[in-house]
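All residue numbers for the sequence shown refer to full-length UniProt numbering, where the first residue is 1 and numbers rise by one. Just so you know, even glycine gets a beta-carbon here, dropped at the ideal spot from N, CA and C. Heads up, the thing below is written out as structure tokens.
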Amino acid sequence: MAPARAGLFDDDEARKAILDLRAKVSQNEQQLKQQTDQIQSLQNSVLDLSNQNEQLRADLAKLRGQDEQMLRDMADLQRAMRDLQASLNDRMRKLEPQPVTVDGKTFTVDPEEKAAFEDAMNSLRGGDFDRAVVSLNSLLKRFPNTGYGDAARYWLGNAQYGQRDYKGSLATFKAFLAAAAPDHPRAAEAMLAVANCQAELKDIKGAKRTLEDLIKRYPQTEAAHAAKERLVALK
């Protein structure tokens, strides 16, 4: 009976060893599964981090693009502001009083005043006496204290003479001589114009007196030389 018991004992130990082995295998399998799950979780985390990194890179690139566009927009805005300021300054300069010199006299005029006088003078130079008369009369009416006063009256008299309005021209030249200083650079020429108007109006005596007065007042001028010739012609 002893051998039979020994065999039975051996079988029990073998079964126990197998059960222990199975338990260890099962435990190892569970550990392996846990490790596999952990590895998968780590891989998923790494993948998520990689995706987030790519998204961050894309967002950064987008922000850089927006920054570059913002810089371009800012440069465009600054350029537009400079252009606007330059345009505004130019307009302001055009509205500011400007110094001008006419017949040796320097004075300040508004841009509109200056433009009106130049427009009238352009008409006179072009032989459009009618328009010149209208423009110069308008200038004197709109700007009664204009520094162009003497010049406007002198050239208005010339324009009226060009219209053959000798009576109106005579009155204008006399107004010029009354307002302008005796040493005005065009005073002698105005007196000669007065004499010419008087002659055209058949006031020969008046023309002669004016010419003689001109020669006496301004003997060294070209107008005085012309006056002498005119006196000879009127005799």
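Rounded to whole angstroms, Pro99 and Asn145 show a C-alpha spacing of 15 Å. By the Cβ rule, the segment 106-114 does not count as touching the segment 66-80, because fewer than three pairs are nearer than 8 Å. Taking a C-beta distance under 7 Å as the contact criterion, Ala180 and Asp150 qualify as a contact pair. Exclusion of the five residues before and after Pro182 leaves Arg217 as the residues of its chain whose Cβ lies within less than 8 Å of its Cβ. The C-alpha of Asn158 lies about 18 Å from the C-alpha of Arg230. Take Asn137, set aside five residues on each side of it, and the residues of its chain with a beta-carbon closer than 8 Å to its own are Leu156, in chain order. Using a 10 angstroms sphere on the CB of Gly104, the tally of other CB atoms stays under 16, which defines it as exposed.
The C-alpha of Asn53 is placed about 28 Å away from the C-alpha of Arg72. Take Val133, set aside five residues on each side of it, and the residues of its chain with a beta-carbon closer than 7 Å to its own are Leu156, Ala159, Gln160, Gln163, in chain order. Taking the CA atoms as reference points, Leu177 sits about 31 Å from Glu96. Taking 4 residues as the minimum length, the alpha helix (DSSP H) runs contained wholly in the segment 63-141 are 111-125, in order along the chain.
With a cutoff of 7 Å on beta-carbon distance, Tyr166 and Cys197 are scored as near each other. Membership of Lys202 in any alpha helix (DSSP H) is not indicated, and neither H nor E is assigned to it by DSSP. Secondary structure at His225: helix, using DSSP grouped into helix, strand and coil. Arg186 counts as buried, since at least 16 other C-beta atoms from the protein chains shown sit within 10 angstroms of its C-beta.
Within the model, the alpha-carbon separation for Leu56 versus Leu49 is close to 10 Å. Between Thr172 and Val194, the CB-CB gap reaches or exceeds 7 Å. In the three-state DSSP reduction, Lys167 falls in the helix class (H, G or I).
By the Cβ-count criterion, Phe107 is exposed, with fewer than 16 other Cβ atoms from all chains shown falling within 10 Å of its own Cβ. In the three-state scheme derived from DSSP, where H, G and I count as helix and E and B as strand, Gln30 is classed as helix. Here DSSP, grouped into helix, strand and coil, assigns Thr210 to helix.
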